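Report on the following structure.
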Amino acid sequence: MLQQKIRNYGGEAAVREDYNTNRRKTSSPKLKGETKRSRSSYNQNLACWRKMNKNKPVPTTQITNLSSSLDYDHKRENKHKAMEIDGSTVSFDFNKVTAKRKKGKLTGKDKAQLTAEHLSNSPAPLITPQQHGDFVKVELSSESSVYVLYASANSECPLLKHIHECCYSGPAKRLDDSLDGLPDTAWEQDHHAGGGYASFGIGFMDKRQTGPFFLKNHQYEQAKDITSSLSSIMGRVAAALLNYTPHVFRENEEIKSLNARFCFPPLDWQGPVGWMANQIVIRRIGKGCKHNRKTEDGVVALHADGGDYSTKHPLVYIPRGGADGRGGIIANSRLVIAESSKGGKYIEIETNVRDTICYLHSGVQ
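Residues in the sequence shown are numbered consecutively from 0, following numbering that gives the first Met the number 0.
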């Protein structure tokens with residue numbers, strides 16, 4: 000089992016290419032030299048990747064040959080408000096937040112709202128730590144897999160225990176307090192999927208900017224503590240991903256080698272192992288949350304995020320609330336994941352397990 004002080008294979012120090020070298024074609028000999036050295040170092044680590052991939056842990060449960068099916072193309076099914084689930088045609092309502100109207104007509108961003116009744120007789124497996132263990136691999140197809148990990152105080156793996164400790168100790172408390180202290184203007188309504196969120200990190204797609212820039216929420220005094228807390232959490236998640244799914248971590252390393260200086264949270268804040276991302280989006284849902292909107296506005300619609308396919312960025316669920324602040328099962332809150340943007344085989348995942356962190360990502364293996 001990997002320890003916390005594991006070497007960052009091909010990571011921040013070993014693999015670094017300046018953004019300007021790749022995106023702006025700089026002629027700087029210094030930067031070109033740095034690029035050449037970093038790529039050489041990355042290639043030298045290929046043997047390490049092969050060794051880690053060979054010795055990676057075996058999933059406690061591996062699920063294949065699913066019989067579940069869901070067919071939803073919103074441009075087609077929305078006309079009739081009906082879709083195919085497990086061979087049957089079922090009607091649906093639009094998600095309240097996405098069904099916005101302009102001059103009496105829907106804007107075209109409306110999405111279907113799944114309910115527990117839609118899946119009451121579903122053959123899809125419901126992934127839980129009690130039934131499937133800490134590490135689950137689900138093969139949705141030959142090109143699509145989902146990995147689910149549960150971290151609790153009872154996890155045998157020290158890496159998973161480290162995640163649990165971080166999410167229910169000092170960093171998590173600072174994160175909650177800082178999020179509570181943000182003004183209402185820091186939280187945005189998601190009009191494509193429902194729910195509210197706050198974004199932190201580095202942006203690239205604003206035409207008014209001449210280069211990368213910090214998102215607007217970094218203007219608030221809470222941003223530094225939020226960044227520090229996220230760094231602690233993501234560093235521990237990255238170490239577990241490196242251990243359990245090294246092939247996915249390696250793909251992230253290739254992205255990191257091109258953009259290491261534009262990582263959020265900063266790689267040197269994350270610790271010996273880091274995960275490359277430009278932004279972190281935080282969602283808080285529940286009656287006890289400050290800045291919470293009406294309950295129905297927090298319900299997430301059936302949708303696909305195109306960016307999730309290429310980044311394989313993990314989704315991290317940290318249960319809160321309840322008598323001891325460690326959450327628990329919430330009715331009608333299961334996560335549904337399908338093999339493609341238009342459905343296909345699907346599974347349900349219990350993400351709100353008391354005192355247990357759930358994180359998952361997709362990949363091909």
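For each residue, glycine too, the CB sits at the ideal point set by N, CA and C. As the structure is a computational prediction, the values presented were derived from the model and not from experiment.
At least 8 Å separates the beta-carbon of A300 from that of Q130. K99 is positioned such that its CB atom lies no closer than 8 Å to that of H191. Using a C-beta cut-off of 8 Å, the stretch 268-283 makes contact with the stretch 194-208, since at least three inter-stretch Cβ pairs fall below that distance. Per DSSP, the beta-bridge partners of G200 are Q278. Using a 10 angstroms sphere on the CB of Q188, the tally of other CB atoms stays under 16, which defines it as exposed. Going by DSSP, G193 is part of no alpha helix (DSSP H) at all; its letter is neither H nor E.
DSSP, reduced to helix, strand and coil, places I254 within a helical segment of the structure shown. A distance below 6 Å between beta-carbons, with the five flanking residues on each side excluded, links P211 to the following residues of its chain, in chain order: I201, F203, F261.
Apart from sequence neighbours up to five positions away, the residues of its chain that approach N120 with a beta-carbon distance below 8 Å are D85, ordered along the chain. Distances from the CA of K74 to each of S230, S340, I348, I346 were compared; the closest alpha carbon is that of S340. C-alpha of E83 to C-alpha of T114: approximately 14 Å in a straight line.
Boundaries of the alpha helix (DSSP H) around Y243: 222-243. For the options G234, T355, H360, the alpha carbon positioned closest to that of S154 is the one of T355. If you check the CB distance, L174 and S228 come in under 8 Å.
F212 has G202 as its beta-bridge partners, per DSSP.
With a 10 Å radius around the Cβ and a threshold of 16 neighbouring Cβ atoms, G321 comes out exposed. The beta carbons of E347 and L125 sit closer together than 8 Å.
Residue state for K136 is assigned as strand, using DSSP reduced to three classes. Here N54 is exposed. Its C-beta has fewer than 16 other C-beta atoms within 10 Å. Judged by beta-carbon spacing, V89 lies beyond the 8 Å limit of I336, meaning their Cβ atoms are not closer than that value.
Within the same chain, Cβ atoms closer than 6 Å to the Cβ of Q269 are found at S230, M233, G234, the five residues on either side in sequence being excluded. Our two residues, S151 and P157, have alpha carbons roughly 10 Å apart in a direct line. Within the same chain, S340 come within 6 Å of A303 by CB-CB distance, once the 5 residues on both sides are set aside. DSSP places S177 in the helix class (H, G or I) of the three-state scheme. In terms of CA proximity to E164, I317 leads the group S140, Y243, I317, L178.
Counting the other Cβ atoms within 10 Å of the Cβ of H360 gives 16 or more, which makes it buried.
Of T63, A185, V315, the smallest CA-CA separation from S141 is found for T63. Exposure of T184 is indicated by the presence of fewer than 16 other C-beta atoms within 10 angstroms of its C-beta.
In the DSSP annotation of this structure, the continuous segment of the alpha helix (DSSP H) that includes L159 starts and ends at 157-166. Secondary structure of H79 (DSSP, three-state): coil. The beta carbons of Y196 and I329 sit about 18 Å from each other, so the pair does not count as a contact at 8 Å. Here K160 has S154 as same chain residues with Cβ atoms under 6 Å from its own Cβ, once five neighbours each way along the sequence are excluded. The three-state secondary structure of T60, taken from DSSP, is strand. In this structure, DSSP gives L301 a state outside helix and strand, which the three-state scheme calls coil. Annotation: S332 to V352 spans about 11 Å, alpha carbon to alpha carbon. Our two residues, K289 and E253, have alpha carbons roughly 38 Å apart in a direct line.
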